[in-house]
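Chemist: What follows is a structure written as structure tokens; I'll ask about it next.
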Amino acid sequence: MNRITHWIGGKPWTGTAERRGDVYDPATGQVGAQVDFATADDVSSAVATAKEAFTSWREASLSKRSGILFAFRELVREHRDELAGLISAEHGKVRSDAAGEVARGLEVVEFACGIPHLLKGGFSENVSTRVDSYSIRQPLGVVAGITPFNFPAMVPMWMFPVAIATGNTFVLKPSEKDPSTAVRLAELWQEAGLPDGVFNVVHGDKVAVDALLTHPDVRAVSFVGSTPIARYVYETGTSHGKRVQALGGAKNHMLVLPDADLDLAADAAVSAGFGSAGERCMAISVLVAVDPVGDELVAKIKERVARLRVGPGTSPDSEMGPLVTRQHRDKVASYLDGGVAEGATLAVDGREHTLPPGDGFWLGPTVLDHVRPEMACYRDEIFGPVLSVARVPSYDAGMALIADNPYGNGTAIFTNDGGAARRFQNEVEVGMIGVNVPIPVPMAYFSFGGWKASLFGDTHVHGTEGVHFYTRGKVVTARWLGPEHGGVNLGFPTNG
Numbered sequence: 001m002n003r004i005t006h007w008i009g010g011k012p013w014t015g016t017a018e019r020r021g022d023v024y025d026p027a028t029g030q031v032g033a034q035v036d037f038a039t040a041d042d043v044s045s046a047v048a049t050a051k052e053a054f055t056s057w058r059e060a061s062l063s064k065r066s067g068i069l070f071a072f073r074e075l076v077r078e079h080r081d082e083l084a085g086l087i088s089a090e091h092g093k094v095r096s097d098a099a100g101e102v103a104r105g106l107e108v109v110e111f112a113c114g115i116p117h118l119l120k121g122g123f124s125e126n127v128s129t130r131v132d133s134y135s136i137r138q139p140l141g142v143v144a145g146i147t148p149f150n151f152p153a154m155v156p157m158w159m160f161p162v163a164i165a166t167g168n169t170f171v172l173k174p175s176e177k178d179p180s181t182a183v184r185l186a187e188l189w190q191e192a193g194l195p196d197g198v199f200n201v202v203h204g205d206k207v208a209v210d211a212l213l214t215h216p217d218v219r220a221v222s223f224v225g226s227t228p229i230a231r232y233v234y235e236t237g238t239s240h241g242k243r244v245q246a247l248g249g250a251k252n253h254m255l256v257l258p259d260a261d262l263d264l265a266a267d268a269a270v271s272a273g274f275g276s277a278g279e280r281c282m283a284i285s286v287l288v289a290v291d292p293v294g295d296e297l298v299a300k301i302k303e304r305v306a307r308l309r310v311g312p313g314t315s316p317d318s319e320m321g322p323l324v325t326r327q328h329r330d331k332v333a334s335y336l337d338g339g340v341a342e343g344a345t346l347a348v349d350g351r352e353h354t355l356p357p358g359d360g361f362w363l364g365p366t367v368l369d370h371v372r373p374e375m376a377c378y379r380d381e382i383f384g385p386v387l388s389v390a391r392v393p394s395y396d397a398g399m400a401l402i403a404d405n406p407y408g409n410g411t412a413i414f415t416n417d418g419g420a421a422r423r424f425q426n427e428v429e430v431g432m433i434g435v436n437v438p439i440p441v442p443m444a445y446f447s448f449g450g451w452k453a454s455l456f457g458d459t460h461v462h463g464t465e466g467v468h469f470y471t472r473g474k475v476v477t478a479r480w481l482g483p484e485h486g487g488v489n490l491g492f493p494t495n496g
């Protein structure tokens with residue numbers, strides 16, 4: 001049995017785990033590996049290692065940091081097929097989707113390569129007689145990331161490139177369901193020249209999470225996951241004096257107006273609803289059809305869903321893979337009968353889709369029509385390949401539906417009316433907006449994050465907000481009596 005263990009101080013952990021967890025191949029249902037679960041003492045060891053490494057890493061020049069980041073970028077690019085294979089094997093998503101995940105994570109690495117520019121402060125000369133003032137941003141110390149199973153490469157790469165580039169050291173607690181990608185990224189960091197202890201990985205469950213949230217030497221925590229756990233992470237971390245950004249769940253709506261291109265809207269709904277088997281916080285899970293387009297739009301979606309090929313991630317023909325665990329598959333499937341019992345129409349039953357043989361965690365794409373807000377399939381974040389269709393009589397009714405939902409992660413409008421689109425983007429209380437774009441995940445130089453119950457904390461991830469989250473500002477006011485003189489050196493000045 002393959003053993004997956006922690007990465008602490010630039011090498012695999014050599015201790016003996018008190019507990020381990022099974023890592024499955026979702027396409028077969030078979031256990032492919034076991035992962036060590038960290039105790040609180042194991043987490044403390046990783047934090048102590050990171051704290052020691054911070055002493056020198058914070059003093060590393062911006063040129064050195066950016067050089068290591070560029071080297072890491074090239075190594076991830078070189079090994080992206082290997083990383084995609086690890087993701088497919090443990091998460092189940094198809095290889096093209098996994099490769100896209102790695103590519104989107106690389107965008108943040110590339111953004112962080114510009115850290116010399118991103119950390120430039122302001123300078124004001126002569127604010128008083130021979131007195132200058134300037135601002136600087138400095139790293140926090142040891143910071144941690146707690147990341148979900150659905151994006152084992154991309155979500156950690158939303159966090160650690162910016163944290164490390166700004167001079168912090170990092171402890172990553174990835175999902176225990178698909179842990180191998182995090183360890184491989186640690187190996188690539190070492191190959192890129194990152195000093196030992198700057199990036200560490202600890203595996204485990206709530207024991208490891210709580211140890212990070214309560215450890216006095218962890219200065220900040222980034223989290224992505226479900227809303228109940230995000231709230232817990234935020235409340236626990238902040239009560240222990242930490243800076244916390246906790247991104248929670250979502251129920252993303254796609255509002256389709258009668259003037260929209262319905263073929264474009266149907267393509268978008270299927271792509272955004274069933275990509276990665278619906279296991280993503282930016283999936284479109286509710287299609288809001290403004291009458292009279294509902295029937296035609298559902299018919300177009302049904303045609304497209306019938307052609308989707310569900311299969312293992314290793315097959316180049318597969319468009320959608322299995323769900324991550326048997327328990328999660330069964331929970332998602334329960335919403336099908338539950339929705340019908342509450343009055344929805346099962347327009348497409350994913351259990352009847354052509355599915356691979358064997359004992360994998362399979363569920364085909366599903367469409368529930370005539371869904372109402374009081375139904376559990378509407379209220380809950382299903383996190384699977386279930387698209388709910390709600391019918392509304394007008395734009396205003398659609399907006400009211402979105403406004404009443406407790407989540408505010410992402411949303412989209414499909415229309416050819418520029419005035420309606422502009423009104424929508426100004427009025428809707430959601431953090432990320434798409435106009436004829438179904439999954440409005442921002443580029444790395446913007447920041448990712450929602451509103452309402454989709455975010456706990458004030459700061460989004462990556463982009464400028466990410467730089468600010470991992471640094472603290474200082475303002476210096478200085479007066480000097482005269483210049484200092486150095487010796488003569490005719491060599492060409494260089495950075496180092």
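What the sequence shown shows, in full-length UniProt numbering, is residues 1 to 496, in sequence order. Idealized CB from N, CA, C, for every residue including glycine.
(1) So is E296 buried or exposed if we call it buried at 16+ other beta carbons inside 10 Å?
(2) Helix, strand or coil: how does DSSP classify A390 here?
(3) DSSP beta-bridge partners for G145?
(4) Which word fits V475, buried or exposed, when buried means at least 16 other C-beta atoms lie within 10 angstroms of its C-beta?
(5) With respect to the alpha helix (DSSP H) encompassing L69, which residues constitute its N-terminal and C-terminal limits?
(6) Out of E374, D349, H370 and M375, point me to the one whose CA is closest to L363's CA.
(7) Contact between the segment 52 to 60 and the segment 101 to 121: three or more CB pairs below 8 angstroms?
(8) Got a sec, what are the start and stop residues for the alpha helix (DSSP H) V155 sits in?
(9) Looking only at C-alpha atoms, which of L323, N168, L481 and S175 sits nearest to G21?
(10) Apart from the five residues on each side of it in sequence, which residues of its chain come closer than 6 angstroms, Cβ to Cβ, to P322?
(11) Can you give me the start and stop residues for the alpha helix (DSSP H) that I115 sits inside?
(12) Between the alpha carbons of R309 and Y335, how many angstroms are there, rounded?
(13) Going by CA-CA distance only, name the one from V23, D261 and A40 that's closest to Q34.
(14) Taking DSSP's pairing of strands, which residues face F456 in a bridge?
(15) What do you get for F123, buried or exposed, if any count of 16 or more other CB atoms within 10 angstroms of its CB means buried?
(16) Taking the alpha-carbon positions, what's the G398 to T169 distance?
(17) From residue 497 to G434, what does the alpha carbon distance come to, in whole angstroms?
(18) Counting along the chain, where does the beta strand (DSSP E) carrying K474 start and finish?
(19) Tell me where the alpha helix (DSSP H) around I229 begins and ends.
(20) How big is the Cα-Cα spacing for E125 and R479?
(21) Could you tell me which of D210, M282, P216 and W158 sits nearest to P440, measuring between CA atoms?
(22) Closer than 8 angstroms is the cut-off here; do at least three beta carbon pairs connect the segment 310 to 329 with the segment 417 to 430?
(23) Rounding to the nearest angstrom, what Cα-Cα distance links H240 and A289 in this structure?
(24) Does the count of Cβ pairs from the segment 34 to 50 and the segment 69 to 82 closer than 8 angstroms reach three?
(25) Quick check on the DSSP output: the alpha helix (DSSP H) that includes A344 runs from which residue to which?
(26) Mapping the DSSP letters down to three states, classify I439 as helix, strand or coil.
(27) Suppose contacts are defined by Cβ-Cβ distances below 8 angstroms. Is P148 in contact with V155 by that definition?
(28) According to the Cβ coordinates, are L368 and S388 closer than 8 angstroms?
(29) State the DSSP-derived secondary structure class of V371, mapped to helix, strand or coil.
(30) Taking only the alpha-carbon atoms, compute the straight-line gap between P438 and A98 and give it to the nearest angstrom.
(31) DSSP on I301, reduced to helix/strand/coil?
(32) Give me the residue from P393, D417, E429 and V392 with the minimum Cα distance to G410.
(33) Is S285 closer than 8 angstroms to V252 when the C-beta atoms are compared?
(34) Among all the DSSP beta bridges, which residues are the ones paired with L287?
(35) Return the chain-ordered list of same chain residues with a C-beta closer than 8 angstroms to the C-beta of R77, the five sequence neighbours on each side being excluded.
(36) Taking the alpha helix (DSSP H) that D210 falls in, what are its first and last residues?
Modeler: Straight from the coordinates:
(1) On the sequence shown, residue 296 is found 296 positions in, with the first residue counted as 1. Exposed.
(2) On the sequence shown, residue 390 is found 390 positions in, with the first residue counted as 1. Reduced to three states, the DSSP call for A390 is strand.
(3) Position 145 of the sequence shown, counted from the start, is the residue given in the question as residue 145. BP columns for G145 point to L172 and S222.
(4) Taking the first residue of the sequence shown as 1, we reach residue 475 at position 475. When all chains shown are included, V475 counts as exposed.
(5) Translated into the one-based positions of the sequence shown, residue 69 becomes position 69. Where L69 is concerned, the enclosing alpha helix (DSSP H) stretches over L62 to E78.
(6) Against the sequence shown, residue 363 aligns to sequence position 363. Selected option, being the one with the closest Cα: D349.
(7) no
(8) As a position in the sequence shown, residue 155 is number 155, starting the count at 1. Start and end: M154 to A165.
(9) Along the sequence shown, read from residue 1 onward, the residue named residue 21 stands at position 21. Looking at the Cα atoms, S175 is the closest of the given residues.
(10) Taking the sequence shown and counting its residues from 1, one reaches residue 322 at position 322. P26, A27, G92, G360, F361 and W362, listed in sequence order.
(11) By 1-based counting over the sequence shown, the position of residue 115 is 115. Here the alpha helix (DSSP H) through I115 covers I115 to L118.
(12) The count along the sequence shown starts at 1 and reaches residue 309 at position 309. The count along the sequence shown starts at 1 and reaches residue 335 at position 335. Near 22 angstroms, if we compare the C-alpha coordinates of Y335 and R309.
(13) Locating residue 34 in the sequence shown gives position 34, where the first residue counts as 1. Checked all of V23, D261 and A40; the closest Cα to Q34 is V23.
(14) Within the sequence shown, the letter at position 456 stands for residue 456. A246.
(15) In the sequence shown, the residue the question calls residue 123 occupies position 123. It counts as exposed.
(16) Position 398 of the sequence shown, counted from the start, is the residue given in the question as residue 398. Position 169 of the sequence shown, counted from the start, is the residue given in the question as residue 169. Spanning the two alpha carbons is a distance of roughly 45 angstroms.
(17) Absent from the model: residue 497. The displayed extent of the chain is 1 to 496, so no value can be given.
(18) As a first step, residue 474 must be located in the sequence shown, where it is residue number 474. Element bounds for K474: T471 to R479.
(19) To locate residue 229, count along the sequence shown from 1; it is residue 229. Its alpha helix (DSSP H) spans residues T227 to S239.
(20) In the sequence shown, residue 125 corresponds to position 125, counting from 1. In the sequence shown, residue 479 corresponds to position 479, counting from 1. Distance between the alpha carbons of E125 and R479: 11 angstroms.
(21) For the purposes of this step, residue 440 is identified with residue 440 of the sequence shown, where counting begins at 1. Nearest of D210, M282, P216 and W158 to P440, Cα basis: M282.
(22) no
(23) Counted from its first residue, the sequence shown places residue 240 at position 240. Counted from its first residue, the sequence shown places residue 289 at position 289. So the two alpha carbons sit approximately 45 angstroms from each other.
(24) no
(25) Against the sequence shown, residue 344 aligns to sequence position 344. A344 -> no alpha helix (DSSP H), and no H or E assigned at all.
(26) Here residue 439 is taken as the residue at index 439 of the sequence shown, counted from 1. DSSP places I439 in coil when its eight states are reduced to three.
(27) By 1-based counting over the sequence shown, the position of residue 148 is 148. By 1-based counting over the sequence shown, the position of residue 155 is 155. It is a contact, given that the beta carbons lie within the stated cut-off.
(28) In the sequence shown, residue 368 corresponds to position 368, counting from 1. In the sequence shown, residue 388 corresponds to position 388, counting from 1. Yes; because the gap between Cβ atoms is below 8 angstroms, this pair is in contact.
(29) Looking up residue 371 in the sequence shown gives position 371. V371: coil per DSSP, three-state reduction.
(30) Stepping through the sequence shown from its first residue, residue 438 is reached at position 438. Stepping through the sequence shown from its first residue, residue 98 is reached at position 98. Cα to Cα, P438 sits roughly 19 angstroms from A98.
(31) Sequence index remark: in the sequence shown, residue 301 carries index 301 (1-based). I301 falls in the helix class under three-state DSSP.
(32) As a position in the sequence shown, residue 410 is number 410, starting the count at 1. Closest by alpha carbon: E429.
(33) As a first step, residue 252 must be located in the sequence shown, where it is residue number 252. As a first step, residue 285 must be located in the sequence shown, where it is residue number 285. Before going on, a small fix: residue 252 reads as Asn here, not Val. Contact flag set, yes.
(34) Locating residue 287 in the sequence shown gives position 287, where the first residue counts as 1. Answer by DSSP bridge pairing, in chain order: M254 and V389.
(35) Here the question's residue 77 lines up with position 77 in the sequence shown. Cβ within range, chain order: L106.
(36) Here the question's residue 210 lines up with position 210 in the sequence shown. Start and end: K206 to T214.
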